[in-house]
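Below: the structure, in structure tokens.
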Amino acid sequence: PGMRAVYSKMEGYIGRLALNLHILNEIAGGKELPASEIPLQPMERAIALAKFYIGQVKLIHANCSADLGELAPHLVKVVELSKRMDSTTGISWIKAKVVQSGYDSRHRPRPDAVRSWFRELEALGIGTT
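Per the numbering used here, the sequence shown starts with residue 97, numbered consecutively.
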């Protein structure tokens with residue numbers, strides 16, 4: 097699901113990259129006013145850059161999933177929430193209520209279930225309760 101957004105946004109970025117590469121190339125070539133049509137070469141370079149950036153995003157995703165191992169999705173969600181809280185507030189401790197608020201009312205886990213997730217993560221050596 098996360099890569100879907102990367103692919104859809106990259107389409108727009110390719111156009112912007114091509115435009116920037118075209119303008120830089122024209123200015124470096126000594127022209128004061130770039131041509132109004134972008135040649136094939138800057139387009140190909142923009143596509144190559146986009147492929148490189150997508151590859152980098154895939155590596156980041158792979159490293160993150162390797163760090164968390166093969167955890168169940170609900171446990172990964174708890175760990176990611178804790179990391180997000182730590183980066184924004186400096187406090188990585190989270191309460192069951194905070195985890196519950198990340199779910200809609202139909203799928204919201206009970207507080208005791210969330211606390212059992214905390215204990216499970218602690219047993220795995222990921223955090224403390």
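Think of the CB as a built atom: it goes at the ideal place given N, C-alpha and C, for glycine as much as any other residue.
Which of the three DSSP states is assigned to Gly-108 in this structure?
For this step, residue 108 is matched to residue 12 along the sequence shown. If DSSP states are grouped into helix, strand and coil, Gly-108 belongs with the helices.
Enumerated in chain order, which unbroken segments of the alpha helix (DSSP H) with a length of 4 residues or greater are wholly contained in the region 180-208?
Complete alpha helix (DSSP H) runs here, min 4: 192-196.
Measuring CB atoms only, is the region 182-200 touching the region 127-145, in the sense that at least three cross pairs come out at less than 8 Å?
no
Do Val-195 and Val-175 have their beta-carbon atoms positioned less than 7 Å apart in this structure?
Here residue 175 refers to the residue found at position 79 when the sequence shown is read from its first residue. Here residue 195 refers to the residue found at position 99 when the sequence shown is read from its first residue. No, these two residues do not count as a Cβ contact at 7 Å.
Suppose you measure from the CA of Val-153 to the CA of Tyr-103; what does that come to, to the nearest Å?
Residue 153 sits at position 57 when you count from the first residue of the sequence shown. Residue 103 sits at position 7 when you count from the first residue of the sequence shown. For Val-153 and Tyr-103, the distance between alpha carbons rounds to 10 Å.
For a quick check, are the C-beta atoms of Glu-218 and Thr-224 less than 7 Å apart?
Here residue 218 refers to the residue found at position 122 when the sequence shown is read from its first residue. Here residue 224 refers to the residue found at position 128 when the sequence shown is read from its first residue. Closer than 7 Å, so yes.
With a cut-off of 8 Å on the beta carbons, I'd call Met-106 and Ile-150 a contact; round off their distance for me.
One-based indexing of the sequence shown puts residue 106 at position 10. One-based indexing of the sequence shown puts residue 150 at position 54. Yes, they are in contact, since the Cβ atoms of Met-106 and Ile-150 sit about 6 Å apart, within 8 Å.
Suppose contacts are defined by Cβ-Cβ distances below 7 Å. Is Ile-190 in contact with Leu-177 by that definition?
If you number the sequence shown from 1, residue 190 lands on position 94. If you number the sequence shown from 1, residue 177 lands on position 81. Closer than 7 Å, so yes.
Just to confirm, are Gly-211 and Ala-192 a CB contact at a threshold of 7 Å?
Within the sequence shown, the letter at position 115 stands for residue 211. Within the sequence shown, the letter at position 96 stands for residue 192. Note that residue 211 is Arg in the sequence shown, not Gly. In this structure, Arg-211 sits near Ala-192, with a CB-CB distance shorter than 7 Å.
Should Ala-144 go down as buried or exposed, given a rule of 16 or more other Cβ atoms within 10 Å for buried?
Walking along the sequence shown from the start, residue 144 turns up at place 48. Result: exposed.
Rounded to the nearest angstrom, what separates Tyr-109 and Ala-101 at their Cα positions?
For the purposes of this step, residue 109 is taken as the residue at position 13 of the sequence shown. For the purposes of this step, residue 101 is taken as the residue at position 5 of the sequence shown. For Tyr-109 and Ala-101, the distance between alpha carbons rounds to 12 Å.
Straight-line CA distance for Leu-220 to Ser-197?
Working through the sequence shown from its first residue, we reach residue 220 at position 124. Working through the sequence shown from its first residue, we reach residue 197 at position 101. Computed Cα separation, rounded: 24 Å.
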